[in-house]
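Structure first, then comments.
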Amino acid sequence: MAEAMRELQIPFLASVLLLACAAKLTVRGDDSGSAPHHRRPFVYGVAFAEGTIGVALLVTPMGLVRLACVVFFGTATWIIGDLTRRGTDEGCGCFGGLSSAPAGRRGLVRAALLTVAAVAAAGVPESGAAVLDRAGAGAVLILAAETALLLMLSPEIALAVERTRSTTPCELLDVPLEQTYTRLRASEAWREHEDDLTSAQPTETWRELCVRYVVYPARIDDRTAEVVFAVPVDGRRQHVRAALVWDGGHEEQDDDSGPRRVHTPA
Numbered sequence: 001m002a003e004a005m006r007e008l009q010i011p012f013l014a015s016v017l018l019l020a021c022a023a024k025l026t027v028r029g030d031d032s033g034s035a036p037h038h039r040r041p042f043v044y045g046v047a048f049a050e051g052t053i054g055v056a057l058l059v060t061p062m063g064l065v066r067l068a069c070v071v072f073f074g075t076a077t078w079i080i081g082d083l084t085r086r087g088t089d090e091g092c093g094c095f096g097g098l099s100s101a102p103a104g105r106r107g108l109v110r111a112a113l114l115t116v117a118a119v120a121a122a123g124v125p126e127s128g129a130a131v132l133d134r135a136g137a138g139a140v141l142i143l144a145a146e147t148a149l150l151l152m153l154s155p156e157i158a159l160a161v162e163r164t165r166s167t168t169p170c171e172l173l174d175v176p177l178e179q180t181y182t183r184l185r186a187s188e189a190w191r192e193h194e195d196d197l198t199s200a201q202p203t204e205t206w207r208e209l210c211v212r213y214v215v216y217p218a219r220i221d222d223r224t225a226e227v228v229f230a231v232p233v234d235g236r237r238q239h240v241r242a243a244l245v246w247d248g249g250h251e252e253q254d255d256d257s258g259p260r261r262v263h264t265p266a
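So in the UniProt record's numbering, spot 98 of the sequence shown is number 98, and the numbers just go up one at a time.
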């Protein structure tokens, strides 16, 4: 039984890799101002690697392919663990635009279990296609159970369901202020400016359509300023942005979403 489970990890891992590859190529996310691992060239490169390893697992028992599979999932686990530890608002991008929610423990456990499966299956002497060719009813049940566990650990499912049905437009969503604060304090923009803030409480908040603005007093280089955070309310992979409003009357963009601009109010 244990040997059969080891063998079944080969087609299971291959299917996960091929599904992730297809998702990256078909479900696009908003990569404006995003981290390098969300930029399209990087995403396409990872998708190519996933597709190559997935197909190779099905057609050949080569040890080099098994090693590549272990390294791939091990690296993914490390990256997701780092994102989770830092509390960033970035998604892992594991399944393209569907993986837009901030990386968390469920995704980390999923990646770790896939790494364990890859290590366990490294010594299987048959290809994934050969394993499937002689699979019986018991093997189907094992694969179904593993698939169910994978789905339980996949935060992408909720977003996939959301995208297939009519939803409330983001500008009409009722989002509690505390939820906005939680997302703000988990963002890179907050960590960048947190030490400059002179108060733990905002001086002003307002909402415009799909964005809530939160203003904090700050002091930077002995100058009085305000930091205005723009926090998306729809939960998708749109990064929290920040702008500095100096006491002297000019506003400077402080994010990397485009060319830096200085605005002077009329």
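Just so it is clear, CB atoms sit at the ideal spot from N, CA and C, and this is done for glycine as well. Quick caveat, the model's predicted, so the values are computed rather than measured.
Quick one: using the 10 Å Cβ neighbour count with 16 as the cut-off for buried, is residue i buried or exposed?
| i | result |
| --- | --- |
| residue 200 | exposed |
| residue 16 | buried |
| residue 33 | Legend: pLDDT at residue 33 = 46, less than 50; position of this residue unreliable, value from coordinates given subsequently. Exposed, since its Cβ has fewer than 16 Cβ neighbours within 10 Å. |
| residue 180 | buried |
| residue 103 | buried |
| residue 241 | buried |
| residue 128 | buried |
| residue 202 | buried |
| residue 169 | exposed |
| residue 65 | buried |
| residue 148 | exposed |
| residue 172 | exposed |
| residue 231 | buried |
Just the Cα atoms here: how many angstroms apart are residue i and residue j?
| i | j | result |
| --- | --- | --- |
| residue 81 | residue 239 | 20 Å |
| residue 5 | residue 111 | 18 Å |
| residue 13 | residue 1 | 18 Å |
| residue 176 | residue 205 | 12 Å |
| residue 53 | residue 191 | 37 Å |
| residue 120 | residue 40 | 32 Å |
| residue 67 | residue 132 | 21 Å |
| residue 229 | residue 211 | 10 Å |
| residue 126 | residue 61 | 5 Å |
| residue 246 | residue 184 | 21 Å |
| residue 134 | residue 118 | 21 Å |
| residue 213 | residue 49 | 40 Å |
| residue 154 | residue 223 | 46 Å |
| residue 42 | residue 23 | 14 Å |
| residue 216 | residue 77 | 36 Å |
| residue 151 | residue 145 | 10 Å |
| residue 114 | residue 70 | 9 Å |
| residue 136 | residue 207 | 57 Å |
| residue 122 | residue 116 | 10 Å |
| residue 87 | residue 188 | 9 Å |
| residue 263 | residue 194 | At residue 263 the pLDDT is 37, less than 50, meaning the model places this residue with poor confidence and gives no usable figure here. |
| residue 198 | residue 174 | 30 Å |
| residue 243 | residue 79 | 29 Å |
| residue 182 | residue 59 | 47 Å |
Specify the secondary structure class of residue i as computed by DSSP and reduced to three states.
| i | result |
| --- | --- |
| residue 229 | strand |
| residue 211 | strand |
| residue 19 | helix |
| residue 240 | coil |
| residue 60 | coil |
| residue 203 | coil |
| residue 124 | coil |
| residue 103 | coil |
| residue 11 | helix |
| residue 217 | strand |
| residue 74 | helix |
For the beta strand (DSSP E) containing residue i, name the first residue and the last one.
| i | result |
| --- | --- |
| residue 192 | Here residue 192 belongs to no beta strand (DSSP E); instead the alpha helix (DSSP H) covers 188-193. |
| residue 198 | Per DSSP, residue 198 belongs to no beta strand (DSSP E) and is neither H nor E. |
Starting from residue i, trace the alpha helix (DSSP H) in both directions and tell me its first and last residue.
| i | result |
| --- | --- |
| residue 27 | Residue 27 -> no alpha helix (DSSP H), and no H or E assigned at all. |
| residue 134 | Taken as a continuous stretch (DSSP letters only), residue 134 belongs to no alpha helix (DSSP H), as it is neither H nor E. |
| residue 178 | 177-185 |
Measure the beta-carbon distance from residue i to residue j and round it to whole angstroms, keeping in mind my assumption that it falls under 8 Å.
| i | j | result |
| --- | --- | --- |
| residue 219 | residue 196 | 7 Å |
| residue 143 | residue 57 | The Cβ separation is near 14 Å, so there is no contact. |
| residue 156 | residue 95 | 5 Å |
| residue 107 | residue 92 | 6 Å |
| residue 51 | residue 18 | 6 Å |
| residue 10 | residue 124 | 6 Å |
| residue 83 | residue 47 | Going by Cβ atoms, the distance from residue 83 to residue 47 rounds to 19 Å, so no, they are not a contact pair. |
Under a CB-based cut-off of 9 Å, is residue i close to chain C?
| i | result |
| --- | --- |
| residue 12 | Annotation note: the requested chain C is absent from the structure, which comprises a single protein chain. |
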